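Have a look at the structure below before the remarks.
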């Protein structure tokens, strides 16, 4: 026959006089229990009326102080799990939810009772599994910080969400402070908000992908711009290498122009790149926060965090910026081949950004 496991709050077995676990428990006529020595010492100097230290009920004759065998047996059974190393379960560590009934060596809780508002190890949970009345209690996986799910005013479970005040409430709050408010079950509200979070998560992922793609495009464009600029400089220098001072001077001016255009474009590209990297970091952080929010098991904690959850930035200007990467001085090279006398004049030409026929992206063309 399976032994009955007694699960009662520890303060039921504390002597009101010494505030320690009852030793040789005795029960006086009013029903209160004391240590035999404590109540005997309390009444030692009483001559006429004997009173209960707790309820102050008076007895005209001194009650007989006899050990309560049933209560003593219960106390022995309560002590057994604490010292029996063969009991199932493990000692609760820093990251575990401890059993609320174990008094000294607390075992790891395997379930939390949302009716009792307490967590139980395998041994102390047996009462809920065997007692018909306790079988109706609502059990959940071990819950840390259970106090956060309890109404501070009514000491009841927070199962309802008030949309008006945006907070979790218990069934007693419904008819008091939150009367006539818009109410919904917390799990129902979570399901609705979870849909919004998932949709936002998808949008964050989409925008993150866009920025990653744009970053790749800009990085490639910057490389092409550098290559194009370098190629144009080299071509210009080759054209001017056989000329004397006037050509050397013109070459220098054109080189400086190209470098200036390159510098400005690179600065612009670097600024856009930094902005996109920053936005990507923000979106990464938002993605992580939203992912962690979805992992929250506690409905109330989820809804509490949801009210301040990550908002997607609205600036999309950086995605519309393009980097111009091509140079062309073909007209200049033709003029230099035929008209040496125009070299001084040519040195005053400028690079202008133009879109060539048949080309989608503009190029920088040296023009008079």
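Residue numbers (mature numbering (1 follows the signal peptide of the UniProt record, and there is no 0)): -16 to -1, 1 to 352.
Ideal Cβ positions, reconstructed from N, Cα and C, are used throughout, including at glycine.
Since we're looking at a predicted model, the values are computed, not measured.
Best match in the options for proximity to residue i [C-alpha to C-alpha]
i: residue 39; options: 48, 13 and 20; result: 13
i: residue 96; options: 311, 109, 88 and 256; result: 109
i: residue 219; options: 311, 25 and 104; result: 311
i: residue 183; options: 271, 57 and 287; result: 271
i: residue 77; options: 44, 128, 200 and 42; result: 128
i: residue 317; options: 330, 306, 145 and 241; result: 330
i: residue 9; options: 15, 23, 51 and 35; result: 51
i: residue 355; options: 202, 247, 232 and 213; result: Residue 355 falls outside the range modelled here, since the chain spans only -16 to 352, and no answer is possible.
i: residue 234; options: 334, 174 and 86; result: 334
i: residue 340; options: 314, 328 and 327; result: 314
i: residue 244; options: 172, 217 and 194; result: 217
i: residue 205; options: 257, 239 and 1; result: 257
i: residue 352; options: 238, 180, 98 and 100; result: 238
i: residue 99; options: 89, 114, 133 and 106; result: 133
i: residue 148; options: 88, 291, 328 and 350; result: 291
i: residue 328; options: 162, -2 and 236; result: 236
i: residue 305; options: 269, 255 and 120; result: 255
i: residue 102; options: 176, 172, 122 and 89; result: 122
i: residue 46; options: 28, 61 and 55; result: 28
Backbone secondary structure at residue i - three-state DSSP
i: residue 95; result: strand
i: residue 103; result: strand
i: residue 167; result: strand
i: residue 326; result: helix
i: residue 223; result: helix
i: residue 346; result: coil
i: residue 53; result: helix
i: residue 124; result: strand
i: residue 200; result: helix
i: residue 89; result: coil
i: residue 46; result: coil
i: residue 339; result: coil
i: residue 68; result: Interpretation of residue 68 is limited by its pLDDT of 45, a score under 50 that renders its predicted location unreliable; the figure taken from the coordinates is listed afterwards. The answer is coil: DSSP assigns residue 68 none of H, G, I, E or B.
i: residue 5; result: strand
i: residue 235; result: helix
i: residue 61; result: helix
i: residue 129; result: coil
i: residue 270; result: helix
i: residue 139; result: coil
Buried/exposed call for residue i, threshold 16 Cβ in 10 Å
i: residue 198; result: buried
i: residue 112; result: buried
i: residue 190; result: exposed
i: residue 211; result: exposed
i: residue 241; result: buried
i: residue 224; result: buried
i: residue 253; result: buried
i: residue 348; result: buried
i: residue 91; result: buried
i: residue 260; result: buried
i: residue 107; result: buried
i: residue 84; result: buried
i: residue 179; result: exposed
i: residue 75; result: exposed
Pair within 7 Å by beta-carbon distance, residue i and residue j
i: residue 209; j: residue 249; result: yes
i: residue 146; j: residue 167; result: yes
i: residue 19; j: residue 7; result: yes
i: residue 93; j: residue 104; result: yes
i: residue 192; j: residue 267; result: yes
i: residue 130; j: residue 185; result: no
i: residue 392; j: residue 195; result: Because residue 392 is not part of the residues shown, which for the chain are -16 to 352, the question remains open.
i: residue 213; j: residue 246; result: yes
i: residue 81; j: residue 126; result: yes
i: residue -4; j: residue 59; result: yes
Own chain partners of residue i with C-beta closer than 6 Å, once the 5 adjacent residues on each side are dropped
i: residue 229; result: none
i: residue 4; result: none
i: residue 350; result: 313, 316, 333 and 335
i: residue 399; result: The structure shown does not extend to residue 399, since the chain is modelled only from -16 through 352, so no value can be given for it.
i: residue 11; result: 17 and 52
Cβ-based neighbour list, residue i, same chain, cut-off 8 Å, excluding 5 preceding and 5 following
i: residue 156; result: 135, 137, 138 and 140
i: residue 41; result: 13, 14 and 35
i: residue 170; result: 142, 143, 144, 145, 152, 283, 284 and 287
i: residue 187; result: 296
i: residue 221; result: 235 and 239
i: residue 21; result: 7 and 8
i: residue 181; result: 274, 277, 278, 290 and 293
Contact set for residue i: own chain, Cβ-Cβ below 7 Å, skip 5 residues either direction
i: residue 57; result: none
i: residue 174; result: 283, 286 and 287
i: residue 332; result: none
i: residue 346; result: 308, 337, 338 and 339
i: residue 44; result: 33
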